[in-house]
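Asks: Can you read through this structure? Questions will come right after.
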Amino acid sequence: MTDTTLSDLAAGTVVKPGDAEWDEARAFHSGIGEPTIVVRASSVDDVRAALRYAAAERLEVMVRGGGHSAWGAVPGGVTLDLDALDSIHVDGTLVRVGGGATWGAVAHTLAEQGLGVSSGDTASVGVGGLTLGGGIGWMVRAWGLAADQLVGAQLVTARGDVLELTDASHPELLWALRGGGGNFGVVTRFDFRAHELPSVVFATLAVTGDARPVLRALRDTLQDAPRELTVTYMDVPEMDPSAPGGASITACWIGDDEAAARAALAPLLALDGVTETELAVRSYPDILMEMPAADPDAPMPGFVGGNTLLRDLSDDAIERLASFREANQASVLFLRSLGGAFGDVAQEATAFPARNATWFAMAGAFDIPGLVHDGNRPLIQAEWDAIEALGEALYGNFTVSTDPALVERMYSPETVARLAAVKRDWDPQNLFARCHNIRPS
Ligand SMILES: Cc1cc2nc3c(=O)[nH]c(=O)nc-3n(C[C@H](O)[C@H](O)[C@H](O)COP(=O)(O)OP(=O)(O)OC[C@H]3O[C@@H](n4cnc5c(N)ncnc54)[C@H](O)[C@@H]3O)c2cc1C
């Protein structure tokens, strides 16, 4: 390994304002960024050179995995694009994945071998950001978070050292990488333990009428359901004729046992207003959603609301969530079942918060002029804040805010202190500040 500098890197690796590829290089999923430069790394040496340059120039580093977070919008700094580090090697059930790979590519490669790793629901989302922040997806009750399957990593530190991490060699760093975000270095390779996954049963149920009895039945059903079953509930407004609104339950059963999936869903299908629109055995890559990048000329509106990890989906929480959706015409309500393998992991075993949570809830009113305005914004926010107060913690990956104060709502004070100690050891200058930032203690 050599001490290369940016000027030694291959043509096209460094992209600056005015270069032909500048607009393409600074684009991220929901917009166009304004970094100082972009380094498109295709090797560990490129990563080291970028970090050395950033440290010398006192520039913060935005590590870009799949580019789906809001950090790409923060101006200045070095965007370190890992897109080319997208290798996927399968060795038995050990899967070594480059730091810039996406979950769709991982799912496709693993499916060829009858394997799967718990990821998120969207193909283009990066392995990097999703795993480091936790990663909640269709296998969360069967296998836990994406981060729970992380057994090792290759990490380039702020000093440019290249570490091979295992629980035996660097237990505290790996603990921090499982939920503590991108604070601790550049992960150039993630090592996951995969599970057997021949296929899944995927079902969609349309929901009409009052949400309250449906949500109560959903809660009661999931309380005793086999952990093979994970469900989401989503109620969205009609945005345009191509995106019809309405409420639905989506369910994923791990494995190909259609009869077992149908039996687990039977209490829901017996409800008034719930009808089956789809129930079929599918391959896991096939159920991952495609979510095209935003059109920079027509960006998605922001939303007033938030998310929370709920210990119980109590009647009170259901009432508040349903009322929030009803009171705000252009709002979205999303719930996902947790528990199962997610809750088997001891709280102190990873940096991820609220292992006692049984549901994840997210709600927000789209910030559309005429619907949300200065007069009602505080009221909507207060309605959400009352819901968040029922929860245990905020899930950082599902917030589009880069407000540093969010960290205190994401982790307990003990976890913040423990993360800050790891940060002090490995990034005392806070080079990796473009994330839900843990300041070195
Ligand atoms: C359409 C969409 C669908 C989503 N679905 C889900 C879902 O189903 N489940 C879920 O849990 N979340 C989901 N999310 C949230 C998602 O987990 C976060 O947005 C996550 O940050 C995206 O990771 P990324 O690598 O694509 O983003 P990036 O913006 O590239 O990275 C986010 C941050 O992660 C860090 N980072 C990324 N890669 C590395 C690396 N290799 N080394 C070090 N640091 C790194 C950096 O700090 C960076 O600022 C979704 C988001 C979107 C936009």
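In the working numbering, each number is its position in the sequence shown, counted from 1, plus 2.
Yeah, the Cβ is synthetic: ideal placement off N, Cα and C, and Gly gets one too.
Compute the beta-carbon to beta-carbon distance between L433 and A249, rounded to the nearest angstrom, for a pair I have assumed lies under 8 Å.
Replies: On the sequence shown, residue 433 is found 431 positions in, with the first residue counted as 1. On the sequence shown, residue 249 is found 247 positions in, with the first residue counted as 1. Contact flag wrong, Cβ pair sits at about 45 Å.
Asks: Under 8 Å, do D25 and I34 count as touching if we go by C-beta distance?
Replies: By one-based count along the sequence shown, residue 25 stands at place 23. By one-based count along the sequence shown, residue 34 stands at place 32. Yes; because the gap between Cβ atoms is below 8 Å, this pair is in contact.
Asks: Going by DSSP, what residue range makes up the beta strand (DSSP E) through G308?
Replies: Looking up residue 308 in the sequence shown gives position 306. Unbroken beta strand (DSSP E) run through G308: 305 to 312.
Asks: Does the separation of the CB atoms of A149 and T168 fall below 8 Å?
Replies: For the purposes of this step, residue 149 is identified with residue 147 of the sequence shown, where counting begins at 1. For the purposes of this step, residue 168 is identified with residue 166 of the sequence shown, where counting begins at 1. No, the pair does not count as a contact, with Cβ atoms beyond the cut-off.
Asks: Given E385, which residues of its chain have a CB within under 6 Å of its CB, disregarding the five upstream and five downstream residues?
Replies: As a working note, residue 385 is residue 383 in the sequence shown. For E385, where only same-chain residues beyond five positions count, the Cβ hits under 6 Å are F326.
Asks: Anyone know if the C-beta pair for K425 and P442 falls short of 8 Å?
Replies: Residue 425 sits at position 423 when you count from the first residue of the sequence shown. Residue 442 sits at position 440 when you count from the first residue of the sequence shown. Yes, the pair counts as a contact, with Cβ atoms nearer than the cut-off.
Asks: If you measure between the beta carbons of V418 and N439, is that distance less than 8 Å?
Replies: For the purposes of this step, residue 418 is identified with residue 416 of the sequence shown, where counting begins at 1. For the purposes of this step, residue 439 is identified with residue 437 of the sequence shown, where counting begins at 1. No.
Asks: Considering Cα atoms alone, identify which of V306, D10, R214, G118 is closest to S285.
Replies: Position 283 of the sequence shown, counting from 1, holds the residue named residue 285. S285 has its Cα closest to that of G118, out of V306, D10, R214, G118.
Asks: Could you check whether A86 and S44 sit closer than 8 Å to each other, using their CB atoms as the reference points?
Replies: Counted from its first residue, the sequence shown places residue 44 at position 42. Counted from its first residue, the sequence shown places residue 86 at position 84. Closer than 8 Å, so yes.
Asks: Among G184, V153, G181, which has the Cα closest to the Cα of A170?
Replies: For the purposes of this step, residue 170 is taken as residue 168 along the sequence shown, with counting starting at 1. Answer by Cα proximity: V153.
Asks: State yes or no: is the C-beta of G136 within less than 8 Å of the C-beta of N399?
Replies: Here the question's residue 136 lines up with position 134 in the sequence shown. Here the question's residue 399 lines up with position 397 in the sequence shown. Against a cut-off of 8 Å, the Cβ pair of N399 and G136 comes out as a contact.
Asks: With DSSP collapsed to three states, give me the class of M412.
Replies: As a working mapping, residue 412 is identified with position 410 in the sequence shown. Helix, per DSSP.
Asks: To the nearest angstrom, how far is the alpha carbon of L157 from that of M64?
Replies: One-based indexing of the sequence shown puts residue 157 at position 155. One-based indexing of the sequence shown puts residue 64 at position 62. Approximately 15 Å, taken between the alpha carbons.
Asks: Report the three-state DSSP secondary structure of A319 (helix, strand or coil).
Replies: By 1-based counting over the sequence shown, the position of residue 319 is 317. It is helical.
Asks: Give the single residue among H70, R54, G69, A422 whose Cα lies nearest to the Cα of T445.
Replies: Coverage of the chain is limited to positions 3 through 443, which leaves residue 445 absent and any answer about it impossible.
Asks: Please go through the region 223 to 260 and give each complete beta strand (DSSP E) segment of 3 or more residues, from N-terminal end onward.
Replies: 231 to 238, 248 to 256
Asks: Does I34 come out as helix, strand or coil in the three-state DSSP assignment?
Replies: For the purposes of this step, residue 34 is taken as residue 32 along the sequence shown, with counting starting at 1. Strand.
Asks: What are the boundary residues of the beta strand (DSSP E) that includes A365?
Replies: For this step, residue 365 is matched to residue 363 along the sequence shown. Where A365 is concerned, the enclosing beta strand (DSSP E) stretches over 361 to 368.
Asks: Between W450 and ligand 1, is the CB less than 7 Å from at least one heavy atom?
Replies: Outside the shown range of the chain (3 to 443) lies residue 450, about which nothing can therefore be said.
Asks: For the beta strand (DSSP E) that contains V402, what are its first and last residues?
Replies: Sequence index remark: in the sequence shown, residue 402 carries index 400 (1-based). Premise fails: V402 is in no beta strand (DSSP E) and is neither H nor E.
Asks: N432 by DSSP, collapsed to three states: which one?
Replies: As a working mapping, residue 432 is identified with position 430 in the sequence shown. It is coil, neither helix nor strand.
Asks: Does DSSP classify F336 as helix, strand or coil?
Replies: Working through the sequence shown from its first residue, we reach residue 336 at position 334. Residue state, collapsed to three classes: strand.
Asks: Quick check for students: name the residue ranges of the beta strand (DSSP E) that lie wholly in the region 40 to 120, counting only runs of 3 or more.
Replies: Every unbroken stretch of the beta strand (DSSP E) spanning 3 or more residues and falling wholly within the region 40 to 120 is given here in chain order: 63 to 66, 80 to 83, 90 to 93, 96 to 100.
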